[in-house]
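Presented below is the structure to which this report refers.
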Amino acid sequence: MEVPVVAKQATADKRQRRERGSINPDDIISGAFELAEQVSIDNLSMPLLGKHLGVGVTSIYWYFRKKDDLLNAMTDRALSKYVFATPYVEASDWRETLRNHARLMRKTFMGNPILCDLILIRAALSPKAARLGAQEMERAIANLVEAGLSPEDAFDTYSAVSVHVRGSVVLHRLYEKNQTPDSGPRAIEDAVAIDPATTPLIAQVTGQGHRIGAPDETNFEFGLDCILDHAASLIEKGGKGGKSAPSRQRKATKSPAQRGRAKAAATR
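For the sequence shown, position 265 (counting from the first letter as 1) is numbered 268 according to the working numbering, and the numbering increases by one without interruption.
In structure tokens, the structure reads:
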């Protein structure tokens, strides 16, 4: 699926000044996305936006009293257009649909730095956006429970996938934001001297294109596979008789027979 583009092509030419009262909140938000594509969310300001839109800055303050109010409105629009376009997790094919969900979420954020900055780095959601997000998570977790996971394990599985996606995207975005011609190394192996004589395994693997601590495709897919494999093992252990017991509970709880054997061994 192609990721929609938030902003239209930025207008470099001077715009004619609008008549008083001719601007509305939707126009301001659209203009803010356009300007953010040029200067970034961090450098977006009300005076710059007024100049970009061809209005006095007081016309913007009439609707948005401060920059945070404008960023909140931008976040709500971004969420409604992009985040909820990701595919649902289905119980009948939970593994592949959860994998596709994670991949497309990552692709969406990676392809739209403004979306990443608003939702993941700034991380300020309005109550309405937070409710919608919770409802989407509830649906995904419910389908994982239907697939055979306990509610606790379904929650932990979806949460782990979400953290994995967000961590990968944010780390990549921070690399981009901080990258300059004179910037330092981008990955751990770039910062240390890898000597085949002292670190032969690292030298061998990194020589094949693997990167330590990098938010690249290889590391993302490996981590995602680990999460999905663990969830599959929990479902398999649950058997056909019903839902699996929570994994933490299984680790902490011993059967009467196990306790008896442990007690007998201790008295020998």
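All C-beta atoms, glycine included, are put in the ideal place defined by N, C-alpha and C.
Considering only the alpha carbon of each residue, which of the options lies closest to residue i?
i, options, result
"histidine 104", "Leu152, Asp96, Val92 and Lys84", "Val92"
"alanine 132", "Ala39, Arg80, Glu40 and Ser153", "Arg80"
"glycine 241", "Val60, Leu152 and Asp45", "Leu152"
"phenylalanine 225", "Ala200, Ser171, Leu135 and Trp97", "Ser171"
"aspartate 71", "Met108, Leu47 and Lys180", "Leu47"
"arginine 125", "Trp65, Ala143, Lys110 and Leu73", "Leu73"
"threonine 99", "Glu155, Glu239 and Leu227", "In the sequence as presented, threonine is not what sits at residue 99; that position holds glutamate. Out of Glu155, Glu239 and Leu227, Leu227 has the C-alpha closest to the C-alpha of glutamate 99."
"threonine 111", "Arg134, Asn181 and Lys84", "Lys84"
"leucine 101", "Ile144, Ala127, Thr61 and Gly136", "Ile144"
"phenylalanine 223", "Trp97, Leu135 and Arg106", "Arg106"
"methionine 113", "Leu204, Glu220 and Tyr161", "Glu220"
"arginine 109", "Pro130, Asp96, Pro90 and Ala127", "Pro90"
"glutamate 179", "Lys69, Pro116 and Thr202", "Pro116"
"alanine 235", "Arg68, Pro28, Asp30 and Asp96", "Asp96"
"phenylalanine 67", "Glu40, Pro28 and Glu141", "Pro28"
"glutamate 139", "Glu155, Leu118, Ala127 and Ser162", "Ser162"
Are residue i and residue j touching if we call contact CB-CB under 7 Å?
i, j, result
"alanine 94", "alanine 150", "yes"
"alanine 157", "valine 148", "yes"
"isoleucine 122", "valine 164", "no"
"lysine 77", "isoleucine 63", "Note on residue identity: the sequence assigns methionine, not lysine, to residue 77. Contact: no."
"leucine 177", "proline 218", "no"
"isoleucine 44", "aspartate 159", "no"
"valine 58", "isoleucine 26", "yes"
"leucine 82", "histidine 55", "no"
"alanine 206", "isoleucine 215", "no"
"valine 42", "glycine 53", "no"
"serine 129", "asparagine 181", "no"
Note the first and the last residue of the continuous alpha helix (DSSP H) segment covering residue i.
i, result
"lysine 131", "130-150"
"phenylalanine 112", "97-113"
"alanine 163", "154-181"
"phenylalanine 36", "28-42"
"valine 92", "Per DSSP, valine 92 belongs to no alpha helix (DSSP H) and is neither H nor E."
"lysine 69", "It is not in any alpha helix (DSSP H) - lysine 69 carries neither H nor E in the DSSP assignment."
"leucine 118", "116-119"
"isoleucine 63", "60-64"
"glycine 53", "49-56"
**Message:** Ignoring anything shorter than 4 residues, give me the alpha helix (DSSP H) runs that lie fully in the segment 187-237, in order along the chain.
**Reply:** 191-194 and 203-209
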